[in-house]
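One structure below.
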Amino acid sequence: MLAEFGYGILVVTFLLSLYSAGAAMVGYFNKSAALVESARRSVLLTFPLLSVAALALIALLVRGDYQVQFVYEVTSNSMPTYLKVTAWWGGQAGSLLFWSWLMSAFASLVTLRKWERDQEFLPWVIVVAGVTLAFFLMLNILFENPFARLYQTLDGDIAAYTFAPASSTPILPSDGRGLNPLLRHPGMVIHPPMLYLGFVSFVIPFAFAIAALVTGRTDDRWIRLTRRWTLWAWLFLSFGLVLGGRWAYDVLGWGGYWGWDPVEISSFMPWLTATAFLHSVMIQEKRGMLKQWNMVLIILTYALVIFGTFLTRSGVLSSVHAFAQSAIGPSFFIFIGVTFITSIGLLIYRWADLRAEAEMKSMLSREALFLLNNLLFMSVLVVCFWGVIFPLISELFTGQKVTVGPPFYERANAPLFAALMLLMGVAPLSAWGHSTVQTLGRALWKPVIAALAITALAFVTYTRNVIALIGFFLVALVILVTLYEFWRGARARQRTQGENFFTALARLIGKNRRRYGGYIIHISMMLMAIGILGIELFQTQTQGTLQVNQSLELQGYKLVYKDIASWDNPGANVNYTRAVVEVYKNDQLLTELHPRTDYYFESQQNMTIPGVRSTLTDDVYLLLVDWEPASAAGATFKVFVNPLVNWLWIGCIAFLFGVIIAAWPDKDLQPVTVRSARTAHQASAAD
Amino acid sequence: MGRSKFILGGLFILAAVVYLIFSSTQQSAEYFMTVDELKTKGSQVIDKSLRLSGAVIGDSIQYDPQTLTLTFEVANVPGDNAEIEAQGGLAEVLRAAVADPTRARVTVVYVGPKPDLLRSEAQAIMTGHLGTDGIFYAEELLLKCPTKYEEAVPEQVTGN
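Sequence order for the protein chains is R and V.
In case it helps, my numbering puts the first sequence at residues 216 to 902.
In case it helps, my numbering puts the second sequence at residues 1190 to 1349.
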């Protein structure tokens, strides 16, 4: 009963979201405020409705109603309740519903704001949100019904049906298949919803962009309205990516965190356009330039978000993430095509209105460097896109399927990343409007010399690797320049306001949140870069089979195998095998590591959990590869030493901090925004 | 003058990116092959960087933990998604490939930890090269078990 009820709600919500889009559109053209209001209320209704549908699904999952195919596939009796709940997004049908649910939540949030002066945007924001929501609900209703149940028909076939077929018997399995053990990890519990939060929230700025294009209100109002929203969206997307990396590092047991897998790339691509967008909107706000470009970026981001969901969910590309082939591929393709062409059509229609208000003059001006930053992000995007679609292209033209692996992305992207880092070091010192080599050189020479000194120190004490040294130089440069910016700003306040240094620093950041939050994000990126350079360039590994008290040595570490034990956990249906290994350096016992292999009986699958000792200089990452069950004497280990990788995760925390500073809502924001918007108008009128 | 230097700069970046993409593609291209194609091309592809896909034959899996050397055979599965779908989906294709002794098979050698997902009827995607001895030496081994993830129809449920 609950299953039909849930399905019924999906159908009702689908119709409702179609109605809201239609009513908003008709209301706009007929200037009927009542109709638009009706559309708005329909949007508001989608969220409680989908919440009920989601609760129905969760109830089925927790109850273990295995006649429902989705429940059968992603849960089992032995799973703890929290995993049964989060199994909601453990499979395709459920995660599509999760997408829709988030979409309805964000759409409702947006329509609840005070619209006042922006009333004309409202109908079109509703249209975009309604159409997007309707599309995802349609996928659930037509192709991937999470509420479909298992029946056996007369000819003996077992399949899932939304409605019981004639003369069939329901199939009631006593236990489910259970969630893939690899996905039973805290990182995996949070990673998909974070990524989806990021994906879905980018629909909102896109909706405002479309509203601006349709209504012809093409000033920067739409950007100001969605600025904060975009930052939060970006935060979630970034965190989704990072958590995925952390999960890979903790669970997949290959000593890495990022494999340039098509699915990883497909969630990285909207991040690239979004990051470019975050930068280039500042040019539009400050200088009235790049208006058309910003539209292109947000349209691309939306398309890539849908494309990303499609790639992760359709199995069109071979990837570790591609769980299943499914019928939803063509629908996605059509939806992306239609929305992309419509958006670009609108953009072309308004092209002339979006002309820049000023011309870029100096190649070293702040705006020119921002433009360069955008071009570099786009270049990384092109590299990634090329890598993902290259197998399809080569098959089309040569008949031979050729793929490119991680070396392609690393080789092609490394110079681009280096150039981006250099820009991060230089751009904060350049001036708006006009900069010359002399002015920039005057600001830069001190940090450059200090960074060179640090690089020389690294050369003497740490490495002779040229790529690493270039990387360390850039990291040092960016961090020094950025810290110098903080110091300079705080000193200026200290002089003019008579505050002590730390008060001055805190107030400086508080008054210019976006700027200094942004700088903190730059520093966090550099910390991450240290980690990435460390693990990419200096990772070492060794392996061997040991008897008790024998040891492996790597990078000055000595790992002594002490013990192994194996036991069952009948409740969770798992067998654990855990080794005890002591880690020594210079004959001093540092710690004990417990690499483990979990064997899941119901899915007959092993899961290798590394034992990790993490410090700021390196990680010792130890895997239990194999062991002799009979004697319990010999065991095979693989050990990695991953230098500096911890900085990757430290950088992530700094990143979170930076985004929160940049995006935190403050009370006095509204009047400030209005004032600056007005002065911008006056300025453009004066031109 | 003002405009032309920006256009020039843009063209320079474009050229650099195009160069990066094409040179990197050439350096790291991996030819995707099925076992059948590997058998027919044979000596032409020796020492080329290849990406081979096949169904793992469970009985052939041998692992020497002393040297971490893993040896197993894979049977041919079609490389084309549409073809796989036409034959009843990946799980079905893999099962048929393992059950059919007349299918082309190739021996694979891989050195490293034994992957958790390695078992009969898993799909192995291997990157490596074909040696002159006809053995495929894999440097990277990726495994997919369709039954582990989602599948349209459960195999072993009994109605009651």
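In this text, a Cβ means the ideal position worked out from N, Cα and C, and glycines have one as well.
Treat the numbers as computed from the prediction; the structure is a model and nothing was measured.
Here Glu-797 (chain R) is bridged, per DSSP, to R:Val-775, R:Glu-807. Annotation: Ile-1235 (chain V) to Val-226 (chain R) spans about 56 Å, alpha carbon to alpha carbon. The contact set of Trp-601 (chain R) on chain V, defined by CB atoms closer than 8 Å, consists of Ile-1210, Thr-1214 in chain order.
For Thr-851 (chain R), at least one C-beta of chain V is nearer than 7 Å to its own C-beta. Assignment of Phe-688 (chain R) by DSSP, reduced to helix, strand and coil, places it in the helix class. Below the 9 Å Cβ cutoff, chain V contributes Tyr-1252, Pro-1254, Leu-1257, Pro-1302, Lys-1303 as neighbours of Asp-841 (chain R), in chain order. One finds nothing in chain R with a Cβ atom closer than 9 Å to the Cβ of Phe-1261 (chain V); even the nearest lies about 15 Å away. In the DSSP annotation of this structure, the continuous segment of the alpha helix (DSSP H) that includes Ala-344 (chain R) starts and ends at 337–353. Here the segment 652–663 of chain R makes no contact with the segment 677–685 of chain R; the two share fewer than three CB pairs at distances below 8 Å. About 37 Å separates the Cβ atoms of Glu-797 (chain R) and Ser-291 (chain R), ruling out a contact at the 8 Å cut-off.
Proximity of chain R to Lys-1194 (chain V) at the Cβ level (cut-off 8 Å) is accounted for by Met-578, in chain order.
With fewer than 16 neighbouring CB atoms inside 10 Å of its own CB, Lys-576 (chain R) falls in the exposed class.
Against chain R, the CB of Ala-1218 (chain V) has a partner CB under 7 Å away; the residue lies at that interface. Nearest Cα to Gly-455 (chain R) within the set R:Arg-442, R:Phe-414, R:Trp-475, R:Leu-487: R:Phe-414. Spatial neighbours of Ser-257 (chain R) in its own chain (CB-CB distance under 6 Å, excluding positions within 5 residues in sequence) are listed in chain order as Leu-231, Tyr-234, Ser-235. About 6 Å separates the beta carbon of Lys-501 (chain R) from that of Trp-647 (chain R), a gap short enough to meet the 8 Å contact definition. The secondary-structure analysis by DSSP pairs Gln-756 (chain R) across a beta bridge with R:Phe-855.
Take Thr-433 (chain R), set aside five residues on each side of it, and the residues of its chain with a beta-carbon closer than 8 Å to its own are Ala-427, Lys-506, Arg-565, Asp-568, Leu-569, in chain order. DSSP, read as helix, strand or coil, puts Gln-1251 (chain V) in strand.
Residue nearest to Phe-358 (chain R) within the set R:Asp-390, R:Ser-416, R:Phe-285, R:Pro-401 is R:Phe-285 (criterion: CA-CA distance). Using a CB distance cut-off of 7 Å, Arg-811 (chain R) does not count as an interface residue toward chain V. Within chain R, Ser-594, Val-597 have C-beta atoms less than 7 Å from the C-beta of Val-1206 (chain V), given in sequence order.
Taking the Cα of Val-1224 (chain V) as reference, the smallest distance to any Cα among V:Ser-1213, V:Val-1287, V:Leu-1307 is reached at V:Val-1287. Taken in chain order, the unbroken stretches of alpha helix (DSSP H) that lie wholly in the segment 544–603 of chain R and span 4 residues or more are 544–564. Between the segment 381–393 of chain R and the segment 474–482 of chain R there are fewer than three inter-stretch CB-CB distances shorter than 8 Å, so the stretches are not counted as touching.
Bounds of the alpha helix (DSSP H) holding Phe-313 (chain R) are 307–326.
Between the beta-carbon of Phe-1221 (chain V) and that of Gly-1278 (chain V) there is about 20 Å, and that puts the pair past the 8 Å contact cut. Relative to the Cα of Ala-666 (chain R), the nearest Cα in the group R:Leu-695, R:Val-827, R:Ser-650 belongs to R:Leu-695.
Residues of the segment 608–639 of chain R whose Cβ lies closer than 7 Å to any Cβ of chain V, in chain order: Gln-615, Lys-616, Val-617, Thr-618, Val-619, Gly-620, Pro-622, Phe-623, Arg-626, Ala-627, Pro-630. Taking a C-beta distance under 7 Å as the contact criterion, Thr-832 (chain R) and Thr-823 (chain R) do not qualify as a contact pair. Assignment of Ile-824 (chain R) by DSSP, reduced to helix, strand and coil, places it in the strand class. Closest in alpha carbon position to Thr-757 (chain R), among R:Tyr-814, R:Val-840, R:Arg-708, is R:Val-840. Contacts with chain R (Cβ-Cβ distance below 9 Å) from the segment 1315–1328 of chain V involve Thr-1316, listed in chain order. For Thr-760 (chain R), the nearest CB of chain V lies under 7 Å from its own CB, placing it at the interface with that chain.
Judged by their CB atoms, Leu-1259 (chain V) and Met-1315 (chain V) are not nearer to each other than the 7 Å cut-off. By the C-beta criterion, the segment 355–372 of chain R is judged not to be in contact with the segment 317–335 of chain R, since fewer than 3 inter-stretch pairs fall below 8 Å.
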